[in-house]
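Only one structure is covered here, and it is reproduced in the block below.
In full-length UniProt numbering, the protein residues as written are 1 to 875.
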């Protein structure tokens, strides 16, 4: 909506100017003035914004147009920013900004701001921004389109009109996190906030900050917000300024590393992660402690309550340290975003790395530290033990001395269950190699740099985006229209990344391959536009590419952005349908963050899809084929990453070999020849006739599907799943036992009297030798196993039919009256886990196996004496 209204505004300028560029520029200057007065980050930064002709005479700035179109005045220091508003359609070149850069060097101005209607800059123009003696920030077309306010409220001739920004309110789960954080930090210095991607972690941390400032009621509340990249810094700074409660005064400082660092940037062929320019923050930034302290010293006293936030990259933490040495106050709160990045190891006799320095009060002084992430990183006990032996300091997120306790957690499964996120499906596309060899001779013989695996995967992706079912003309819904693909290297040209999937190559050849697959006369054209992006692009170009991906499309078109790592973080495209892994990824956390991109809620969106194309050679035993770890590594990696963050998925995988029906969230789909001419892309399930001779794989597709499912259990499943679970259950039972023992210690209490009646009931109905200890154990077992049986058997009525169980239920009622409901509330997540693990087993034999394993591991191991008593009695 906001983007659309800005596009309409640009069309209005073009129509009104009648082709006169000067008139376009004059009108655009009014747009820029309104933007700086209404975009919250700038509204909080500047008190005044003048067109050049409006600048007060006291500043002695000539009114002649020498490149500066507007002048903005800082709220606290009173310093002036020279603004150029450039209404420009082409690429910005150095010659188009030379006069502006020269004028900026005049003594009137402290820094510069360039606002353009394009996101395209040539290298010489970008270098000119770096080379000047004064900092220049740039704002591009994508920034203007995504302003926080509604451009439809803007009117030419009234640029000073105030346009209100609508403010979000915390949702229920966010209110819960806020309340828990405020209460927790009353007694603790450090704590963790764990929230799945797309659930509003950044917004929640803002509201936690506001609530803590209000709770402590300090006139000045000082915050340090640490972020791993310039891109995320810019996004967070602007979102906090947009969403802060209007009653709170928010002061923002941005701190980054040396502004010349961008000149030294290099991009490896397999890592296109961006280290963007300082100009890409779209906000004035400090690169040294002196500048930061000067900005701080310029702050005027406040009558109300003020929150002052330094938004900084982790790489710039030494600047913060130096500023505190020069007198910057102790922080009331440090928020460490993407806190999994703060884990790591270093020798005890060497300094900590940039990301781990945040843990030490010797580096940065703070009263409280909030570590927030979607993906907590924990080192194994073996690694920690080895670290101790080798005198290595390890920062692991389960170390309470470093990270504190877990304050609040909202995982993927919970977020989906609460309707906060869209659920996902995993599609493993098993592409028949023999079909490609038979039907794709032109692509195979052309010197396009693609090997047979690349071609197979492209065909698999096209079929997946069509939602075509295994070896058929059936589809399971409307086609996917927006996807992000992850390749292994940027380019595999001239020997670079030989044998690996190149992102640029995918973008270049995708449609050529699909067109040959479909054939010239096939009416099933569904055009997929593919673009490559990487870390050599500036922030404006990246935003433009994401806008392109998210834009409205005709029904017969789709868009795909291909990259290596560039689009892992900082991407918010709610209408994104799928992510595609052409190759394995090194980082499990990168996989999880990529999955988070497809789980944003959007109208009519039922699922986000994770697409994993693999190649299946024919004529070989399926199990032998799956022994090729390199070919199928991406599948095992992605599924293991999902298992690590979604207990529902873990349960599905571990029940694969129990259930007859395969889970709906994990599909293995066979891909053969192109669809026939009667193929229908609508949701109508059309005929299943094949126009070409069926291949061996197609005839025996179930074999490779069963083999892949079986290998998933081996590669991804946990053989100790129930054993480890029963250990958890035993700990829970022991907790219940201690609780009951404490209650019956007072022999005269109503609970103790009820317990005596319960023991007599057991002695009468089971065994006269049952004592108090065994009766307590049985009661604890019953409390735990009841939800398991209810999950396994929908119509479970054992409680109603069994006198022993009825006695236990009566006892549980007395426990509730004594406060057991509070004990249960604390353990609610565990009982949800119990239901997740037991629900969904679809046949009697599997349910029986589940129960036998549970009793074997839980009762006979944890409560052997009671089990023996019961067995003896039965015998």
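All residues carry an ideal CB built from backbone N, CA and C; glycine is no exception.
Keep in mind that this is a model prediction, so the values were computed, not measured.
Cα separation between residue i and residue j?
i: residue 542; j: residue 714; result: 40 angstroms
i: residue 168; j: residue 194; result: 21 angstroms
i: residue 597; j: residue 250; result: 30 angstroms
i: residue 88; j: residue 10; result: 11 angstroms
i: residue 137; j: residue 103; result: 15 angstroms
i: residue 339; j: residue 371; result: 5 angstroms
i: residue 211; j: residue 318; result: 29 angstroms
i: residue 847; j: residue 663; result: 16 angstroms
i: residue 614; j: residue 201; result: 35 angstroms
i: residue 76; j: residue 253; result: 12 angstroms
i: residue 871; j: residue 774; result: Any reading at residue 871 must be qualified, since the residue scores a pLDDT of 46, below 50, and its modelled position is unreliable; the value itself is stated next. Cα to Cα, residue 871 sits roughly 13 angstroms from residue 774.
i: residue 712; j: residue 32; result: 55 angstroms
i: residue 13; j: residue 51; result: 18 angstroms
i: residue 520; j: residue 101; result: 54 angstroms
i: residue 260; j: residue 730; result: In this predicted model, residue 260 has a pLDDT of only 44, less than 50, meaning its place in the structure is not dependable enough to derive any value.
i: residue 56; j: residue 64; result: 14 angstroms
i: residue 810; j: residue 851; result: 25 angstroms
i: residue 444; j: residue 451; result: 7 angstroms
i: residue 425; j: residue 703; result: 22 angstroms
i: residue 408; j: residue 197; result: 14 angstroms
i: residue 480; j: residue 467; result: 7 angstroms
i: residue 594; j: residue 567; result: 8 angstroms
i: residue 610; j: residue 421; result: 15 angstroms
i: residue 357; j: residue 734; result: 40 angstroms
i: residue 781; j: residue 787; result: 11 angstroms
i: residue 441; j: residue 500; result: 21 angstroms
i: residue 18; j: residue 7; result: 17 angstroms
i: residue 199; j: residue 601; result: 10 angstroms
i: residue 749; j: residue 572; result: 58 angstroms
i: residue 68; j: residue 563; result: 38 angstroms
i: residue 266; j: residue 631; result: Only weak support exists for where residue 266 lies, its pLDDT of 46 falling under 50; the coordinates are left without a value.
i: residue 815; j: residue 555; result: 60 angstroms
i: residue 853; j: residue 653; result: 17 angstroms
Considering just the uninterrupted stretch of the beta strand (DSSP E) at residue i, what are its terminal residues?
i: residue 557; result: 557-563
i: residue 430; result: 423-432
i: residue 532; result: 527-532
i: residue 250; result: 249-255
i: residue 399; result: Residue 399 -> no beta strand (DSSP E), and no H or E assigned at all.
i: residue 86; result: 80-86
i: residue 818; result: Run containing residue 818: none; DSSP gives neither H nor E here.
i: residue 48; result: 46-51
i: residue 372; result: 369-373
i: residue 945; result: For the chain, the structure presents residues 1 to 875; residue 945 sits outside this window and is missing.
Name the DSSP bridge partner or partners of residue i?
i: residue 195; result: 410
i: residue 668; result: 428
i: residue 139; result: 115
i: residue 608; result: 424
i: residue 613; result: 429
i: residue 310; result: 224, 253
i: residue 285; result: 254
i: residue 580; result: 485, 611
i: residue 92; result: 121
i: residue 364; result: Answer by DSSP bridge pairing: none, since residue 364 is not bridged.
i: residue 475; result: 468
i: residue 347; result: 392
Determine the extent of the alpha helix (DSSP H) in which residue i is found, giving its start and end residues.
i: residue 514; result: 503-518
i: residue 100; result: 98-104
i: residue 28; result: 21-38
i: residue 383; result: 381-389
i: residue 754; result: 750-765
List the whole-angstrom C-beta distance separating residue i from residue j, where the pair is believed to meet the contact cut-off of C-beta under 8 angstroms.
i: residue 364; j: residue 311; result: Not a contact, Cβ separation roughly 14 angstroms.
i: residue 429; j: residue 334; result: In fact, because the Cβ distance is near 45 angstroms, the residues do not count as touching under 8 angstroms.
i: residue 83; j: residue 92; result: Contact flag wrong, Cβ pair sits at about 15 angstroms.
i: residue 150; j: residue 163; result: 7 angstroms
i: residue 141; j: residue 108; result: Residue 141 to residue 108, Cβ: 28 angstroms. No contact.
Hey, would you say the C-beta of residue i is under 7 angstroms away from at least one heavy atom of the ligand ZN?
i: residue 164; result: As presented, the structure is devoid of all ligands, the ligand ZN included, so that no description of it is given.
Start-end ranges of the alpha helix (DSSP H) lying completely within the stretch 313-345, minimum 4 residues: Taking only runs of at least 4 residues, the alpha helix (DSSP H) segments lying wholly in the stretch 313-345 are 317-325.
Beta strand (DSSP E) segments (min. 3 residues) lying fully within the stretch 206-238: Segments of the beta strand (DSSP E) lying fully in the stretch 206-238: 220-227.
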